[in-house]
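A short worksheet on the structure shown next.
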Amino acid sequence: MRQIMLTLCALASTAMIGGVAVAETFNVPPGNIQLVEFESEADIETIRGISTAVSGKLDVNLASPGNVTGKVVVPVATIKTGNTTRDEHLAEPNWLDAKSHPNLTFELVSASFKDTKALAAGVSLRGKATGKLTIKGVTKTITVPIRIKYIAASDKLKKLYIQGNALRVKSTFEVTLADFGIKPPDQLIGAKVAEVVTIKVALTAVDK
Amino acid sequence: MSATTNRTLLVALGLGGAVAIATLVTFQFTTDLGVLTTLGIIGAMVGGVVFAVALKKLPAHRLGLVAGALLGTVAAGVITYQTFFAINDEQFVKTQAESTQTQADLDAAFDDDF
């Protein structure tokens, strides 16, 4: 009898640990609940571009949020600055080269948070995320500040057409264009595009 | 063109150029105006000076030429601005407005204090 009880306890413990260790998948569906924004502040003008057609997924261990991986994709063709001529230029070979490299990607490898608590309903965490950013076919490993908040399914979310639980992920970081083989051409009266652009990300991932 | 007409145009351009340089230095060192705004102001001032001098000095039949040249320059400037700098994509404006609203709603739903 004692043997059976010990075996059952061992099985239960294994199941619990196994349950904790399993990562939960959150999808990043394209649409207005996603926003990737860039800002270039140059001599001649400040350019702001956006894309809401971001897609991907995050695999998060809610009990240990540092164990997170995932990938998000931004199609270059969906990045708009509000000026059609400028958008055409943006997709050309000397800029983002949409034909040869149609997507910008960020592959999340790991994250570390200041607070080690589990991601439960209403919990938000701040920390750093490390991943591989690919722009114009060039991949660089970068570490960026990240904020993440977990919200359980609610009527508030349903009003935003979000069924199930959701993760909100935000980050702001800078990218040096030359690191990715993009060099703004010299202009007579100053640069139209900055050498360093600021990227702002606000993603909402859902588990259904 | 007569010698007087040539001299008048030179005077107008010289005055306009002097105003342009003074304006450029003043605006770039004393304000946060962007280059485009500064160029626009300089263009307007140069055009104003050229037209004012021409109005006073040139015969009526020459005035039309100057006015036409100035109008052409303004039109070229406006077209350049609309083509390369201005927000002219209506779908972008709509998407941006919807996105901003949705993001604000999400922040509210998440009690987003971060």
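Chain order of the listed sequences is S and X. Counting along the first sequence from 1, when you hit position 147 you're at 211 in my numbering, and nothing is skipped either side. Counting along the second sequence from 1, when you hit position 56 you're at 61 in my numbering, and nothing is skipped either side. Every residue gets a Cβ at the ideal spot worked out from N, C-alpha and C, and that includes glycine.
Taking 8 angstroms as the CB-CB limit, is I92(X) close to chain S? Chain S contact via Cβ: present.
What does A109(X) touch in chain S if you count any residue whose Cβ is under 8 angstroms from its own? Residues of chain S passing the Cβ test: none, with the nearest at roughly 11 angstroms.
Proximity to L70(X) [Cα-Cα], best of Q101(X), V83(X), F56(X): Considering only Q101(X), V83(X), F56(X), the residue with the shortest C-alpha distance to L70(X) is F56(X).
Using a Cβ-Cβ distance cut-off of 8 angstroms, determine whether I210(S) contacts chain X. By the rule that beta-carbons nearer than 8 angstroms mark a contact, I210(S) does not touch chain X.
Beta-bridge pairing of P139(S) - partner residues as DSSP gives them: DSSP lists N167(S) as the bridge partner or partners of P139(S).
Give the straight-line distance between the Cα atoms of V84(S) and L111(X), rounded to the nearest whole angstrom. Residue confidence is low: V84(S) scores 47 on pLDDT, short of 50, so the model does not pin down where it sits. No coordinate-derived value is stated.
Three or more C-beta pairs under 8 angstroms: does that hold for the segment 171-181 of chain S against the segment 155-162 of chain S? Judged by Cβ distances under 8 angstroms, the segment 171-181 of chain S makes no contact with the segment 155-162 of chain S, as fewer than three pairs qualify.
One or two residues paired with F177(S) in a DSSP bridge: F177(S) is bridged to G191(S).
So if I threshold CB-CB distances at 9 angstroms, which residues from the segment 221-254 of chain S count as touching chain X? Within the segment 221-254 of chain S, the residues whose Cβ lies closer than 9 angstroms to some Cβ of chain X are L221, K223, L224, I226, A230, R232, K234, I253, G254, listed in chain order.
When Cβ atoms are compared, which residues of the segment 147-160 of chain S fall closer than 8 angstroms to chain X? Result list: N147, T148, T149, R150, D151.
Within 10 angstroms of its Cβ, does T164(S) collect 16 or more other Cβ (buried), or is it exposed? Here residue 164(S) is Ser; the residue named in the question, Thr, does not match the sequence. Exposed: under 16 other Cβ atoms inside 10 Å.
Between which two residues does the beta strand (DSSP E) carrying A258(S) extend? A258(S): not part of any beta strand (DSSP E); DSSP gives it neither H nor E.
Output, in sequence order along the chain, the residues in the segment 89-107 of chain S whose CB is closer than 7 angstroms to any CB in chain X. Per Cβ criterion, the list reads N96, I97, L99, D107.
T145(S) (DSSP reduced to helix, strand or coil): T145(S): coil per DSSP, three-state reduction.
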